[in-house]
Amino acid sequence: MTSVDQDDPRETETTLPSPGPTASEELAAVATTVHSANTGREYVRLYVQRVRGGEMGSLPAIAGLIVLVVLFSLLQPTFRGLYNFGNMLTEGSGPVLLAMGLVFALLLGEIDLSAGFAGGVCAAVMVRLMVGYGLPWPVTIGSALVTGIVIGFAIGLLRSKVRIPSFVVTLALFLAFQGVALYILDNGKGAHGDVRITDNVVLALENAQMPKWAGWLLAVLCIVGYAYVKLSALRARKRQGLRGEPTVILVAKIGGLAVASLLTVFLLNQNRSINQKPILTNVDGTIKLVTPPPVEGVPWVVLVLVVFFVVWTFVLSRTRYGRHVYAVGGNEEAARRAGITVDRVRTSVFVICSFMAAVGGIMIASNVAAVSAQNYAGNTLLLAVGAAVIGGTSLFGGKGRMLDAVIGGAVVEVIQNGMSNLVQGTNGSSVQYMVTGVVLLLAASIDALSRRRAGATGLG
Amino acid sequence: MSDQPILELHDIYKSFGPVDVLKGVDFAVTPGRVTALVGDNGAGKSTLVKCISGTYSIDSGTYSFEGRPVTVHSPRDASALGIEIVYQDLALCDNLDIVQNMFLGRERLTGLVLDESSMEQSANETLSSLSVRTVTSVRQRVASLSGGQRQTVAIAKAVLWNSKVVILDEPTAALGVAQTAQVLGLVRRLADRGLGVVLISHNMTDVLQVADNIAVLYLGQMAAQVERADVNQQQLVELITTGGLEGSSVNGGRTGASA
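The listed protein sequences correspond, in order, to chains A and B. Here the working numbering is used: the first residue of the first sequence is 1, the next is one more, and so on. Here the working numbering is used: the first residue of the second sequence is 1001, the next is one more, and so on.
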């Protein structure tokens, strides 16, 4: 560690830090959590320093995402189409929702290998109640979510009370839940095997689009909400006489979000159907030229993603509970001495993780319009873990954000989608597995190396 | 400053199975003074501190705080009374910043939401009231701080909560010369603010430099609780290693000079 206090100790009682940045101040600026500066230029300078100090956050993932999108767009005409854009949103939503839950477990340095099949069990519960007993969607979806909470509670107790390492608990449950999902799908009233979803609301989650106006409204709400949060935080800091973010940076951030979200809604509100020309169709015995229905609007699943993203980001960064999650992940003993009930926090992250697994499981079921155990098999979970880690969440605990799950999830989905288009027919899945595995290893290496580098420079 | 002890232990016994660790210990902490607690390894220093902090419960004896007998069963009881312990292995989270660490477990809220700016402001005020100027920003992650700075944060955390007694377990053990001087200066300022300060240390130079009175534990008994002015380093070492002094006025009574 660089020596930070070089001043004579007696001097510290009387003197203020000398003007102009010293080595220690540079280091201090790099390690701050609340980013404030007097000018936009200073802010940018500090940001560059932080990145060079090893605190890269989601930067490698964003860079990777851009490279991959450009690469696949050049190689594969179907990849860059609007249809595929909407397709990737719905396809990728399941793993992203799983990854959001996994961020909580990873923040404590834990892992939940059973999350994929936990989602499968929850989806199986939903579809069994749906096709076997004809229950309405609030009941079937509600039951699936409750199942997730119960599963998470069980994992949490096994981990925090019985004290089995989470790797072992969830590996055992990974196997067990596969059996449970198969059992529920193969027994009981109604169809067996791959059970088709009959409820239109559940199907609509992934397969229907919002009205165009609702998409615009969602974008505007996001922008206004973000601006409100940013500005009220700035006002609170100013009231206490503290420095905040420079105006130019604030405007850039809010403007950036506005452009990105409005552009996304604009693109999704175009008709992205592959079949836009009228085609000959048999209608009531006569052959007619019929225009296929347009595919336009923001998929409903985007609303689900936005809601969970906002809620969990709020919980992690603005509430006492979220602070305690980071504290337990950073130093369990310190958290305990500060009066935090560590076992309760540990149990709760597994509850959140399995709850999100249920949400993801429902989305995956809706996407393929059926529930079958194989849709939740090994790679579902690994893709979700990969998403969180690629996004910048540490496997060692104490570091991670909801945004990581979204950005990392985008990378994973682009690889999955782009590869499957690229290598169609010729051993598609084998290449896909290999590439995803390598990317996951790469992300874990970046995590471990940046941690070591941070250790060397004294940054966390 | 009042001469009345704020924290007073009388005739404390504590044993673990057949091993008697504390055998009738008397110990007093006076507001505005630094009381050093010294003793060789195994003398019972940490056991005594853990009894004060409520980590261990005492077998027999009286525990009085501000003149009233109290029972302390858990660290929570102790901190409710206003007793804070700053441990040697610094209970700080590396991934959190100074403000977050200082308020950990006692975060300030407005409704459901953390009141970050008010916590930051209070952290700034506390640090500057202790004349801590070595920290550039209270939003620095603790991981980026030097050993002395971390110790400072841990101590400031205790002050933030209006503690009346602060117990420091080997605060200078891992520090260099300059940083040690810094932390000892801070220890002095804590006492000057009217807190009762207990300094546990193996370093005789530190003890003699900053303490007002010195309590010496020897094999589970209080060999002496003496005024700093009454002993020199040689006598102190003798007290620690033999439990008494040959032919001296401060000769090892269990009730110390200042109690």
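We put the CB at the ideal spot given by N, CA and C, even for glycine.
Beta-carbon to beta-carbon, A:T39 and A:P165 are separated by about 49 Å, too far to satisfy the 8 Å threshold. Residues of the stretch 236-247 of chain A with a C-beta atom less than 8 Å from some C-beta of chain B are A236, R237, R239, Q240, G241, L242, listed in chain order. For B:G1105, the chain A residues whose C-beta falls within less than 7 Å of its own C-beta are A338, G339, I340, listed in chain order. Three or more beta-carbon pairs drawn from the stretch 1157-1164 of chain B and the stretch 1082-1089 of chain B are found closer than 8 Å, and the two stretches are therefore classed as touching. Residues of chain A with a Cβ closer than 7 Å to the Cβ of B:L1219 do not exist, since the nearest Cβ in that chain sits about 29 Å away. Around A:K399, the beta-carbon contacts reaching into chain B at under 9 Å are N1095.
Going by DSSP, B:G1196 is part of the beta strand (DSSP E) stretching over 1196-1200.
Membership of A:M210 in any alpha helix (DSSP H) is not indicated, and neither H nor E is assigned to it by DSSP.
Rounded to the nearest whole angstrom, the CA to CA distance from B:C1051 to B:S1057 is 6 Å. Of all C-beta pairs linking the stretch 315-330 of chain A to the stretch 101-115 of chain A, three or more are shorter than 8 Å, placing the two stretches in contact. The beta carbon of A:N331 falls within 7 Å of a beta carbon belonging to chain B, placing the residue at that interface. The stretch 344-357 of chain A makes contact with the stretch 118-132 of chain A: 3 or more CB pairs, one atom from each, lie closer than 8 Å.
A:D343 sits in a helix when the DSSP states are folded into three classes. Contacts between B:E1120 and chain A, judged by CB atoms closer than 9 Å, involve V34, R237, Q240, L242 in chain order. Neighbours of A:A327 across chain B, judged by C-beta separation under 9 Å: C1093, N1095, L1096, Q1100, N1101, L1104, G1105.
Residue environment for B:S1079: buried (at least 16 other C-beta atoms within 10 angstroms of its C-beta).
B:I1006 is a Cβ neighbour of B:G1196, given a cutoff of 7 Å. Measuring C-alpha to C-alpha distances from B:V1198 to each of B:E1107, B:V1038, B:N1124, B:A1181 identifies B:V1038 as the nearest.
Between the alpha carbons of A:L65 and A:V389 lies a gap of roughly 14 Å. The Cβ of A:R52 sits no closer than 7 Å to any Cβ of chain B.
As computed with DSSP, B:Y1218 is found in a beta bridge with B:Q1221. Neighbours of A:A388 across chain B, judged by C-beta separation under 8 Å, do not exist; the nearest C-beta is about 17 Å away. When Cβ pairs closer than 8 Å are counted between the two stretches, the stretch 144-158 of chain A is seen not to touch the stretch 211-231 of chain A, the count staying below three.
In terms of beta-carbon proximity, B:R1139 lines the interface with chain A, with at least one pair separated by less than 7 Å.
Residues of chain B whose Cβ lies closer than 7 Å to the Cβ of A:R320 are, in chain order, E1107, L1109, L1114. Within 7 Å of the CB of A:R323, the CB atoms of chain B belong to Q1100, E1107, L1114, in sequence order along the chain.
Exposure of B:R1076 is indicated by the presence of fewer than 16 other C-beta atoms within 10 angstroms of its C-beta. Distance from the Cα of A:G94 is smallest, within the candidate group A:A115, A:L82, A:D194, A:Y83, for A:A115.
Contact between the stretch 71-85 of chain A and the stretch 128-140 of chain A is not established, with fewer than three Cβ pairs separated by less than 8 Å. Runs of the alpha helix (DSSP H) lying entirely within the stretch 177-227 of chain A, each at least 4 residues long, are 200-207 in chain order.
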